[in-house]
Ligand SMILES: Nc1ncnc2c1ncn2[C@@H]1O[C@H](COP(=O)(O)OP(=O)(O)OP(=O)(O)O)[C@@H](O)[C@H]1O
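In full-length UniProt numbering, the protein residues as written are 1 to 268.
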């Protein structure tokens, strides 16, 4: 377990340098202030969450962090180094991995081969690639490790269409882990899942906090946030309206008004 680990419900540790810092970032599309002055710190070994209603700017902020979306102003720092003017390719080399709202596995590759695609992106692992796999050669240690950490043993030779939706999402997370990330961005990793699958993903993400992996989860499922995250940011109209432990955030009057409603008002 990382030295920076805090139990879910804990707040941001002090005296530890963030993996990624967002400093007063704005992304305006003409008159639309999609992101309008957001600051946040993503710490090693912690799971951070972003919640907010549709159109509140969550995806735009993730796009800015990964440099797919141009900033109007503000700074982004990775390990203390500014990168707001860097390309998306440079960000990927900083070991930032991402999963998307919809499953993006290659249908003609097996589970192992899909995960190998992630390992191929690693600068430090040249022990195998999809081509050598297809020729029956070795599998990277990073792939074996990702399979084991995501409990995918036994599924290695399946094709995506043969897997449940929840298992497909686990393969995506395995592929992201195989890149050896320091920061893992997860866009609605449990969308469309049943309760059991959600609990499995929540447990998986919590187990990944080891080795200092920093995670940022965009999620509409508030219970998933409460069960999984250490620190939550709530957005509305491009701005932060609350941050803190999941419990603090769901109790915030601004968050309840913007997003949650009565159901979470008395959440303990
Ligand atoms: N390329 C763009 N051009 C113009 N407006 C945009 C663009 N991308 C996003 N927006 C607008 O910015 C605002 C924030 O959108 P964004 O997709 O970031 O919200 P979100 O919180 O991720 O929503 P959802 O939960 O529905 O995914 C919305 O008003 C959206 O219409």
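From the three backbone atoms N, C-alpha and C, an ideal C-beta is built for every residue, glycine too.
Original post:
Under 7 Å from any heavy atom of ligand 1, does the C-beta of residue 100 make it?
Top reply: Translated into positions along the chain shown, residue 100 becomes position 100. Flag unset: Cβ of residue 100 not near ligand 1.
Original post:
Any chance the CB of residue 34 is under 7 Å from a heavy atom of ligand 1?
Top reply: Counting from 1 along the chain shown, the entry for residue 34 is found at position 34. Yes; taking the cut-off as 7 Å, the Cβ of residue 34 has a heavy atom of ligand 1 nearer than that.
Original post:
Can you tell me whether DSSP reads residue 254 as helix, strand or coil?
Top reply: The sequence position of residue 254 within the chain shown is 254, counting from 1. Reduced to three states, the DSSP call for residue 254 is helix.
Original post:
Looking at residue 78 and ligand 1, is the gap between the Cβ and the nearest heavy atom below 7 Å?
Top reply: For the purposes of this step, residue 78 is taken as residue 78 along the chain shown, with counting starting at 1. Result no, Cβ not under 7 Å from ligand 1.
Original post:
Are there 16 or more other CB atoms within 10 angstroms of the CB of residue 243, so buried, or fewer, so exposed?
Top reply: Looking up residue 243 in the chain shown gives position 243. With 16 or more other Cβ atoms within 10 Å, it is buried.
Original post:
Nearest-angstrom Cα distance between residue 102 and residue 71?
Top reply: Stepping through the chain shown from its first residue, residue 102 is reached at position 102. Stepping through the chain shown from its first residue, residue 71 is reached at position 71. Distance between the alpha carbons of residue 102 and residue 71: 25 Å.
Subject >> DSSP three-state assignment for residue 105, whether helix, strand or coil >> reply: Within the chain shown, residue 105 is the residue found at index 105, counting from 1. Three-state result, residue 105: coil.
Original post:
What's the C-alpha gap between residue 57 and residue 148?
Top reply: Locating residue 57 in the chain shown gives position 57, counting from the first residue. Locating residue 148 in the chain shown gives position 148, counting from the first residue. Looking at the two C-alpha atoms, the distance is approximately 35 Å.
**OP:** Jot down the residue ranges of each uninterrupted alpha helix (DSSP H) in the segment 179-221, minimum 4 residues, whole runs only, in chain order.
**Re:** The qualifying runs are 195-207.
**OP:** Return the chain-ordered list of same chain residues with a C-beta closer than 6 Å to the C-beta of residue 197, the five sequence neighbours on each side being excluded.
**Re:** Within the chain shown, numbered from 1, the residue matching residue 197 stands at position 197. So the qualifying residues of the chain are 166.
Subject >> Status (buried if at least 16 other CB within 10 Å, exposed otherwise) for residue 7 >> reply: Counted from its first residue, the chain shown places residue 7 at position 7. With a pLDDT of only 42 at residue 7, under 50, the local geometry of the prediction cannot be trusted, and no value is derived from it.
Original post:
When every heavy atom of ligand 1 is checked, does at least one fall within less than 7 Å of the C-beta of residue 58?
Top reply: Within the chain shown, numbered from 1, the residue matching residue 58 stands at position 58. Indeed, a heavy atom of ligand 1 lies less than 7 Å from the Cβ.
**OP:** Compare the beta carbon distance of residue 185 and residue 216 with 8 Å and say whether it is the shorter of the two.
**Re:** Numbered from its first residue, the chain shown carries residue 185 at position 185. Numbered from its first residue, the chain shown carries residue 216 at position 216. Yes.
**OP:** Could you have a look at residue 233 and say whether DSSP puts it in helix, strand or coil?
**Re:** Here residue 233 refers to the residue found at position 233 of the chain shown. Residue state, collapsed to three classes: strand.
Original post:
Could you check where the beta strand (DSSP E) with residue 99 kicks off and where it finishes?
Top reply: Residue numbering aside, residue 99 sits at position 99 when the chain shown is read from its first letter. Start and end: 96-99.
Subject >> Member of 44, 256, 97, 49 whose CA lies at the smallest distance from the CA of residue 67 >> reply: Indexing the chain shown from 1 puts residue 67 at position 67. The residue with the shortest Cα to Cα distance from residue 67 is 97.
Original post:
In terms of residue numbering, what span does the alpha helix (DSSP H) encompassing residue 153 cover?
Top reply: To locate residue 153, count along the chain shown from 1; it is residue 153. Looking at the DSSP string, residue 153 is not in any alpha helix (DSSP H), and its letter there is neither H nor E.
**OP:** Rounded to whole angstroms, what's the CA-CA distance from residue 189 to residue 177? Just pull it up for me.
**Re:** Working through the chain shown from its first residue, we reach residue 189 at position 189. Working through the chain shown from its first residue, we reach residue 177 at position 177. Spanning the two alpha carbons is a distance of roughly 14 Å.
Subject >> Alpha-carbon to alpha-carbon, residue 83 and residue 12 >> reply: Sequence index remark: in the chain shown, residue 12 carries index 12 (1-based). Sequence index remark: in the chain shown, residue 83 carries index 83 (1-based). Taking the straight line from one Cα to the other gives about 23 Å.
Original post:
DSSP three-state call for residue 118: helix, strand or coil?
Top reply: Position 118 of the chain shown, counting from 1, holds the residue named residue 118. Correct three-state label for residue 118: helix.
Subject >> Residue from 158, 220, 91, 19 with nearest C-alpha to residue 110 >> reply: Within the chain shown, residue 110 is the residue found at index 110, counting from 1. Out of 158, 220, 91, 19, 158 has the C-alpha closest to the C-alpha of residue 110.
**OP:** Assuming residue 229 contacts residue 115 (C-beta within less than 8 Å), just tell me the rounded distance between them.
**Re:** Indexing the chain shown from 1 puts residue 229 at position 229. Indexing the chain shown from 1 puts residue 115 at position 115. Going by Cβ atoms, the distance from residue 229 to residue 115 rounds to 25 Å, so no, they are not a contact pair.
Original post:
Do the CB positions of residue 51 and residue 222 come within less than 8 Å of each other?
Top reply: Residue numbering aside, residue 51 sits at position 51 when the chain shown is read from its first letter. Residue numbering aside, residue 222 sits at position 222 when the chain shown is read from its first letter. Taking 8 Å as the Cβ cut-off, residue 51 and residue 222 qualify as a contacting pair.
Original post:
In whole angstroms, what is the alpha-carbon distance linking residue 31 and residue 210?
Top reply: Counting from 1 along the chain shown, the entry for residue 31 is found at position 31. Counting from 1 along the chain shown, the entry for residue 210 is found at position 210. Rounded to the nearest angstrom, the two C-alpha atoms are 42 Å apart.
**OP:** Determine the extent of the beta strand (DSSP E) in which residue 23 is found, giving its start and end residues.
**Re:** Against the chain shown, residue 23 aligns to sequence position 23. Unbroken beta strand (DSSP E) run through residue 23: 20-29.
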